[in-house]
Amino acid sequence: MINTYSDSPLIKMAKLSIADPYYLQGGSKSLAQAEVEYRDWIQFFPDDKLTCDTMMKIAEIHLKQVIAADRTRSRQARRGQLKEMLRRCPDADRSRKQNADDKVQEILAMTS
Numbered sequence: 000m001i002n003t004y005s006d007s008p009l010i011k012m013a014k015l016s017i018a019d020p021y022y023l024q025g026g027s028k029s030l031a032q033a034e035v036e037y038r039d040w041i042q043f044f045p046d047d048k049l050t051c052d053t054m055m056k057i058a059e060i061h062l063k064q065v066i067a068a069d070r071t072r073s074r075q076a077r078r079g080q081l082k083e084m085l086r087r088c089p090d091a092d093r094s095r096k097q098n099a100d101d102k103v104q105e106i107l108a109m110t111s
């Protein structure tokens with residue numbers, strides 16, 4: 000559909016429907032592929048209303064990957080993706096952002 004109907008208004012959702020199953024499947028390879036697809040989506044639709052949700056999913060992917068990573072990686076996830084999302088999406092769901100930040104803090108506490 001993406002190649003055949005490249006001007007369709009459904010392209011945004013079609014591209015998300017590629018990324019979301021990888022995200023939901025979990026596992027390191029699937030999460031890495033989901034991140035690639037979400038970043039691709041953001042590149043094509045940077046000003047879309049779903050961009051903040053997509054950025055939040057990337058931040059959540061980083062949080063899931065942090066569990067097995069070291070303390071430096073968790074700080075990088077916290078500073079990088081979450082700050083970028085806050086900068087670009089000041090009106091995004093505050094409770095979801097706070098929950099992500101709380102998870103990072105919890106991981107940091109477990110690894111120190």
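Per numbering that gives the first Met the number 0, the very first residue in the sequence shown carries number 0; after that it's consecutive. Just so it is clear, CB atoms sit at the ideal spot from N, CA and C, and this is done for glycine as well.
Residue 88 carries a coil assignment under DSSP once its states are collapsed to helix, strand and coil. In this structure, residue 50 lies away from residue 37, with their beta-carbon atoms at least 7 Å apart.
Counting along the chain, no alpha helix (DSSP H) covers residue 4, and no H or E run does either.
DSSP places residue 23 in the uninterrupted alpha helix (DSSP H) bounded by 10-24.
The alpha-carbon of residue 21 is positioned some 15 Å away from that of residue 58. Assignment of residue 62 by DSSP, reduced to helix, strand and coil, places it in the helix class. By the 16-neighbour rule on beta-carbons within 10 angstroms, residue 34 is buried. With respect to the 7 Å criterion, residue 56 and residue 30 are not classified as neighbours on the basis of their beta carbons.
Looking only at 28, 84 and 40, the smallest Cα-Cα distance to residue 14 is reached by 40. Only residues of its own chain outside the window of five on either side were considered, and among them 1 have a CB closer than 7 Å to the CB of residue 10, listed in chain order.
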